[in-house]
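In this text, residue positions in the sequence shown follow this note's numbering: the first is 15, and each later residue adds one.
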Amino acid sequence: MYPRVNVVGCGRLGQAIATLFRVARIADEIHVCNRSLESGERAVAAIGGGVAHSSISSMPISNLWLVACGDQEIERVAELIAADGALMADAVVFHCSGFLSSNVLRVVKGKGAHVASAHPVRSFANVEMAVREFPGTFCGVEGENPARKIVSDIFTELGARVFPLSPEGKVLCHAGHVFASNYVVALLTCARDLYRAAEIPDELAWQLMAPLVRGTIDNVMGLGPARALTGPIARGEEVVVAKQADVVSEASALVADLYVKLGLVAVDIAREQGLPSDRCHALRRVLQDGARSSPSLIE
Ligand SMILES: NC(=O)c1ccc[n+]([C@@H]2O[C@H](COP(=O)([O-])OP(=O)(O)OC[C@H]3O[C@@H](n4cnc5c(N)ncnc54)[C@H](OP(=O)(O)O)[C@@H]3O)[C@@H](O)[C@H]2O)c1
Numbered sequence: 015m016y017p018r019v020n021v022v023g024c025g026r027l028g029q030a031i032a033t034l035f036r037v038a039r040i041a042d043e044i045h046v047c048n049r050s051l052e053s054g055e056r057a058v059a060a061i062g063g064g065v066a067h068s069s070i071s072s073m074p075i076s077n078l079w080l081v082a083c084g085d086q087e088i089e090r091v092a093e094l095i096a097a098d099g100a101l102m103a104d105a106v107v108f109h110c111s112g113f114l115s116s117n118v119l120r121v122v123k124g125k126g127a128h129v130a131s132a133h134p135v136r137s138f139a140n141v142e143m144a145v146r147e148f149p150g151t152f153c154g155v156e157g158e159n160p161a162r163k164i165v166s167d168i169f170t171e172l173g174a175r176v177f178p179l180s181p182e183g184k185v186l187c188h189a190g191h192v193f194a195s196n197y198v199v200a201l202l203t204c205a206r207d208l209y210r211a212a213e214i215p216d217e218l219a220w221q222l223m224a225p226l227v228r229g230t231i232d233n234v235m236g237l238g239p240a241r242a243l244t245g246p247i248a249r250g251e252e253v254v255v256a257k258q259a260d261v262v263s264e265a266s267a268l269v270a271d272l273y274v275k276l277g278l279v280a281v282d283i284a285r286e287q288g289l290p291s292d293r294c295h296a297l298r299r300v301l302q303d304g305a306r307s308s309p310s311l312i313e
């Protein structure tokens, strides 16, 4: 148990983590500083306890600091903490960004503090729901010891499934989350656009996609990508792929570009699946050179 935790930047994530700290009795006291005192007071009400401050300089001395403002503010807030914060010797200062490493907090090391980052891989859009569903959340922890060990232990106590990350690996891991989440949304929107071009109403398009998407996700997770891949690339049908790429380019140049790039990824997966290398070569050629390289099929 820590005597207190100072949370600088207490919005969606800060409120959820501070609530978890309160419920799990990680800290006796929770102190909060937002850009405005009113916002800090609202955060304290949401947490169900704590004290709001109008500036970092009025926060009490502490050996545990969470910097949970937006990513673009973290470095500046760390500078303010180093300049005005009552940092206890050997204090741990950490943030929860998925993109930035703990290095962004390095200025506080000059004051004898240790830095880490802990990224819970989940959405904190709804604070109450995030608190309720937090146990079992994967959490990538990075930083130098002793801060990394301390933060790992705290998040483990909150019920997170902690895994270690290097500072360089962290940015790549975050890009992986972007592909697994944000880009799935972008990809399904591309599919919707192609259905639209085929004059299929949006409502029907989503209905068509739902079983395809859910089944595919289940197959990738259950069987792995090589066994989950089906379709013309898995079958090595370069003539079909050439014609399809051509038709897609008439509907949208951007989607056609993605068709080619993702097609090349799919060819690598088909190769893993055992597709002969001459078939893979033919597929790569039609994807890279366009339909011209397979003239026999073009009407
Ligand atoms: N939200 C998520 O789903 C999620 C998931 C994983 C990780 N994260 C990470 O969590 C961190 C916070 O994200 P969030 O979504 O919780 O942000 P948020 O809801 O926008 O909250 C940010 C808070 O920071 C305060 N703030 C901004 N600049 C400040 C400053 N200079 N001094 C003091 N307080 C300041 C704001 O205060 P005011 O209210 O006064 O403006 C606000 O309360 C980020 O590093 C983000 O990458 C978020």
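For glycine and all other residues, C-beta sits at the position ideal for the given N, C-alpha and C.
Values in this document were obtained by computation on a predicted structure and should not be read as measured data.
Test item: CB-CB of residue i and residue j under 8 Å
i      : j      : result
His45  : Ala82  : no
Phe138 : Ala132 : no
Val65  : Phe113 : no
Ile88  : Ser111 : yes
Ser69  : Arg18  : no
Ala97  : Val129 : no
Trp79  : Val107 : yes
Arg293 : Leu278 : no
Ala38  : Val21  : no
Ala296 : Tyr273 : no
Phe148 : Leu243 : no
Asn117 : Pro178 : no
His191 : Val135 : yes
Nearest candidate by alpha-carbon position, reference residue i, set the options
i      : options                        : result
Gly28  : Glu142, Ala100, Ala265         : Glu142
Val300 : Pro246, Ala265, Gly288         : Pro246
Ala103 : Ala97, Gly126, Arg90, Ile88    : Gly126
Gly84  : Glu52, Ala32, Arg26, Leu34     : Arg26
Gly212 : Gly54, Asn196, Pro239, Ser266  : Before going further, note that residue 212 is Ala rather than Gly in the sequence given. Ala212 has its Cα closest to that of Ser266, out of Gly54, Asn196, Pro239, Ser266.
Gln86  : Val19, Ser115, Ser72           : Ser115
Ile231 : Ala259, Gln258, Arg210, Ala194 : Ala194
Tyr16  : Ile40, Arg228, Val261          : Ile40
Ala92  : Ser71, Val121, Leu101          : Val121
Glu55  : His191, Cys24, Arg36           : Cys24
Lys275 : Gly124, Arg228, Gly183, Asp303 : Asp303
Met73  : Arg146, Val135, Leu51          : Leu51
Ala105 : Val234, Ala256, Glu158         : Glu158
Asp271 : Glu217, Leu201, Ala60, Cys47   : Leu201
Ile61  : Met235, Arg36, His188          : Arg36
Gly63  : Asp42, Lys123, Val234          : Asp42
Gly99  : Pro134, Cys47, Arg228          : Cys47
Contact test: residue i Cβ vs ligand 2 heavy atom, cutoff 7 Å
i     : result
Cys24 : As for ligand 2, it is missing from this structure, which binds only ligand 1.
Any alpha helix (DSSP H) of 4 or more consecutive residues that is wholly inside the stretch 88-152: If we require 4 residues or more, the alpha helix (DSSP H) runs fully inside the stretch 88-152 come out as 88-98, 141-147.
task: Could you tell me whether the stretch 190-210 touches the stretch 155-175, using the rule of 3 or more Cβ pairs below 8 Å?
output: no
message: Under 8 Å: do the stretch 272-284 and the stretch 237-254 share three or more Cβ pairs, one atom per stretch?
response: yes
task: Indicate whether the contact test is met: 3 or more Cβ pairs, each with one atom in the stretch 170-187 and one in the stretch 140-155, closer than 8 Å.
output: yes
Complete beta strand (DSSP E) runs within the stretch 35-89 (minimum length 3 residues, chain order): 41-47, 65-67, 76-81
task: Assess, as a yes-or-no matter, whether the stretch 253-265 is touched by the stretch 216-236 under the definition of 3 or more beta carbon pairs within less than 8 Å.
output: Not touching, per the Cβ criterion.
query: At which residue ranges does the stretch 240-296 contain complete alpha helix (DSSP H) runs of 4 or more residues, listed in the order of the chain?
result: Along the stretch 240-296, the alpha helix (DSSP H) occurs as fully enclosed runs of 4 or more residues at 246-249, 252-265, 267-287, listed in sequence order.
field: Runs of beta strand (DSSP E) lying entirely within the stretch 186-228, each at least 3 residues, in chain order
entry: The qualifying runs do not exist here; there are none.
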